[in-house]
Amino acid sequence: MKLKSFLYCFILFLSLGYNHASAQTNMENVIQIDGIAMTADSLRAVPYAVVSVKNKNRGIEAAYTGVFSVVCFKGDTLEFSCEGFRSKQYIVPKDIKGQYFSVIQLMVQDTFYLPETIIRPLPSKEGFSYAFLHWRIPNDQYELARRNTDAYFLKALAYTMPIDGQVAQARLMQKQANEAVYYGQQPPMNIFNPLAWGQFFEAWKRGDFRTKSNPYINDGNNY
Numbered sequence: 047m048k049l050k051s052f053l054y055c056f057i058l059f060l061s062l063g064y065n066h067a068s069a070q071t072n073m074e075n076v077i078q079i080d081g082i083a084m085t086a087d088s089l090r091a092v093p094y095a096v097v098s099v100k101n102k103n104r105g106i107e108a109a110y111t112g113v114f115s116v117v118c119f120k121g122d123t124l125e126f127s128c129e130g131f132r133s134k135q136y137i138v139p140k141d142i143k144g145q146y147f148s149v150i151q152l153m154v155q156d157t158f159y160l161p162e163t164i165i166r167p168l169p170s171k172e173g174f175s176y177a178f179l180h181w182r183i184p185n186d187q188y189e190l191a192r193r194n195t196d197a198y199f200l201k202a203l204a205y206t207m208p209i210d211g212q213v214a215q216a217r218l219m220q221k222q223a224n225e226a227v228y229y230g231q232q233p234p235m236n237i238f239n240p241l242a243w244g245q246f247f248e249a250w251k252r253g254d255f256r257t258k259s260n261p262y263i264n265d266g267n268n269y
């Protein structure tokens, strides 16, 4: 029994020591790569370049100035890609001392060939008049953005859409705070307030209660 207990303790001690050494080795292999992506011809920053670790589903996007910072293991391969530039790869050396390393990655601009587009005129003057009057040309992204951000359209949405949870909670908290002010007593009524009556008569003289058009309703003249 003593021999079996000794063997169990010895095997457990070896397994714990192996796990500790393995974890320590993995931590030593972790490295943080800080750097900047630049063009090879003019040494300008490559904005929003994507830096990903090859064969691993993770990576980062560089800033507008091309600066990036990524954590990986020594020996991993970093892939640099950006629209309009050729992809580049950088193999992190395994013999780097420490956990920090700096890299300046140069990228070369690439040339893209678009498919051929043929522009033909309309067959006749009458065909142009018909197309000008009856063809429906789809709106571009700029026109769609202009319509979606129109002031009258946004006011109509704000008038018809219900409030969200954050606004509802804020109104409830404000109501509870107002009720807490007059806790244990009768809250005042503005019908007996002479200042409120004075403001009412001033607004009446100014014509604030006259019928006005609703500014939140779109009459269709804006489109």
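Residues in the sequence shown are numbered from 47 upward in steps of one, following this note's numbering. Virtual Cβ for every residue (Gly too), placed ideally from N, Cα, C.
I77 is bridged by DSSP to C118.
Spatial neighbours of S98 in its own chain (CB-CB distance under 6 Å, excluding positions within 5 residues in sequence) are listed in chain order as G105 and E125. Annotation: T111 is outside any beta strand (DSSP E) and is labelled neither H nor E by DSSP. In the pairwise beta carbon analysis, the segment 117-124 is classified as not touching the segment 171-188: fewer than three pairs are separated by under 8 Å. Spatial neighbours of E107 in its own chain (CB-CB distance under 7 Å, excluding positions within 5 residues in sequence) are listed in chain order as Y94 and V96. For the pair G130 and I82, the CB atoms are not nearer than the 8 Å cut-off. Looking at the DSSP output, I150 sits in a beta bridge with I82. Less than 8 Å divides the Cβ of T123 from the Cβ of K100. Rounded to the nearest whole angstrom, the C-alpha separation of Q135 and R192 is 41 Å.
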